[in-house]
Amino acid sequence: MKKIEEWGVGKNNRVKNLPNSTVFAPKRLVSVRKMRAEMKRKRIFFLCLVLPFYFLLLGAADLNEQLDIRINNGTQGESRNEADRLVRLGGQAQQNGLLDKAIPYWLKAITIYSEIGDLEAIGRTYDYVGLAYADLGLFREAEVALRKRLGVARANKDLPGQIFGLNNVGSLLLKRGNISGAKTTFNDALSIARATNSPAGIGLSLNNLGLVAANQRDYNQAIKRYEEALIYRGRASDPVGEANTYNNLGDAYRATDNFWETIKAYGSALRVARFAIDRPNQFRAIDGLVNTYNCAKNYTRTLDLLEERLKIARASENPYQELRSLRLLSQFYRQQGKNMEALMVQHQAICLAQELKETQAVAELLGELIETPVND
């Protein structure tokens, strides 16, 4: 995406055939510089005028709020660092499952990015906000944020941004049960991605079309879409996307009761996620493998995976995933009739839940503790 500074007269467009007069040349040069500055201001002013109309055309609610993009005020470096810091803080909160705390960080970052005119960062951060709102079930707020992101991409003629913006809007529509709308939106994204020869965009769009097929219980079509998506995600060198698609493929194969293909898909997801140090996909792959092996009564492998899950959570200093891992391990021990082991793990889980002030989890764990027999 082009930055605002690059919309003016380009650096390589030098003034040619200036008179050689030592008096006239400097005056002419100053005039040209003023002209460049004026053109830059006019372009930014024009962008501020047209952005609201892009939002209105997109049809989202309350999209008449115009982005306040100002000319660089001279503190771009410090401001950008502060905005980037806020984005990182939001990311850390998100990884800990605290989406309600992540969103305010990102909204503050958007305000700063708007002040320095960084459209690329604005669009990217609106993605984070929109997806977080969607995960919280706040679909109206999510749609506003994601369509603003798409509006920024269209206003800036950012085709990659449009591809990812469309995919995020489609994902929201899918969450809301608008399968037809989601499919149309993903196909629009796929068309742009193919036209621009974007492996990352093609892979993402195909993956999401696979989710549409899976939602319609057409698992054969979903598998076909996922396997094609994996080709492009590999070409795009996108290990996180690749791991995500492998996990989706595992879900589809598990729905068709294909044990070996399920194990293979989740195993591939875990392998790629380990390499990329992608914790969310590691946890998801392990959970898929645990459910699959547990159904097949391979309890030794199930226990190994649950212990690995707990180890990863602790190594990554993620107390919420650690709590989740302890609870899964406790349930497994209770299922196996190993009550003493279950009690030990339950005590650890209760202490951690109290530290995290997870009152509901504490109450549930205390209930499980009371129901667990003392003797094996």
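Position in the sequence shown (first residue = 1) + 3 = our numbering. Note that CB positions come from ideal geometry on N, CA and C, so glycine has one too. No experiment lies behind these values; they were computed from the predicted model shown.
Integer-rounded CB distance, given that residue 288 should sit under 8 Å from residue 276: 6 Å
Answer with buried or exposed for residue 186, where buried requires no fewer than 16 other C-beta atoms within 10 angstroms of its C-beta. buried
Quick check on DSSP: helix, strand or coil for residue 319? coil
Between which residues of its own chain and residue 260 is the CB-CB distance below 8 Å, once the five residues before and five after are set aside? none
Cβ contact check for the region 145-156 and the region 192-204: 3 or more pairs under 8 Å: no
Which ranges does the beta strand (DSSP E) cover as unbroken runs of at least 3 residues, wholly within the region 275-319, from first to last along the chain? none
Which of helix, strand or coil does DSSP assign to residue 437? Past the edges of the chain, shown from 4 to 379, lies residue 437, and the structure says nothing about it.
For residue 377, which three-state DSSP category applies? coil
Residue 302, buried or exposed, once every other Cβ within 10 Å from all chains shown has been counted against 16: exposed
Could you check whether residue 116 and residue 86 sit closer than 7 Å to each other, using their CB atoms as the reference points? yes
Would residue 352 pass as a contact of residue 375 if the rule is Cβ separation under 7 Å? no
Short of 7 Å in beta carbon distance, which residues of its chain neighbour residue 163, apart from the five on each side in sequence? Order them along the chain. 201 and 204
How would you label residue 373, buried or exposed, when you count the other beta carbons within 10 angstroms and need 16 or more for buried? exposed
Candidates 165, 326, 140 and 168, of which the one nearest residue 178 by Cα: 140
Alpha-carbon to alpha-carbon, residue 247 and residue 236: 10 Å
Please identify the residue among 313, 215, 206 and 226 whose C-alpha is closest to the C-alpha of residue 242. 206
Let me know the secondary structure DSSP gives residue 199 once reduced to three states. coil
Within 10 angstroms of the Cβ of residue 377, are there 16 or more other Cβ atoms? Answer buried if so, exposed if not. exposed
Can you tell me the Cα-Cα spacing of residue 273 and residue 308, whole angstroms? 11 Å
Rounded C-beta distance between residue 122 and residue 170? I'm assuming under 8 Å. With a Cβ gap of about 19 Å, residue 122 and residue 170 do not count as contacting.
Taking all protein chains shown into account, do 16 or more other C-beta atoms lie within 10 angstroms of the C-beta of residue 67, making it buried, or fewer, making it exposed? Confidence is the limiting factor: at residue 67 the pLDDT is only 28, short of 50, which leaves the residue's position unreliable, though a coordinate-based value still follows. Looking at its Cβ environment, which holds fewer than 16 other Cβ atoms inside 10 Å, residue 67 is exposed.
What distance in whole Å lies between the Cβ atoms of residue 135 and residue 105, which are believed to be in contact at a cut-off of 8 Å? 6 Å
What first and last residue would you give for the alpha helix (DSSP H) that runs through residue 220? Taken as a continuous stretch (DSSP letters only), residue 220 belongs to no alpha helix (DSSP H), as it is neither H nor E.
Find the nearest neighbour of residue 216 within the set 93, 95 and 252, judged by alpha-carbon distance. 252
Which same chain residues end up closer than 7 Å to residue 279 when comparing Cβ atoms and leaving out the 5 residues on each side of it in sequence? 242, 243 and 246
Roughly how many whole angstroms lie between the Cα atoms of residue 138 and residue 99? 14 Å
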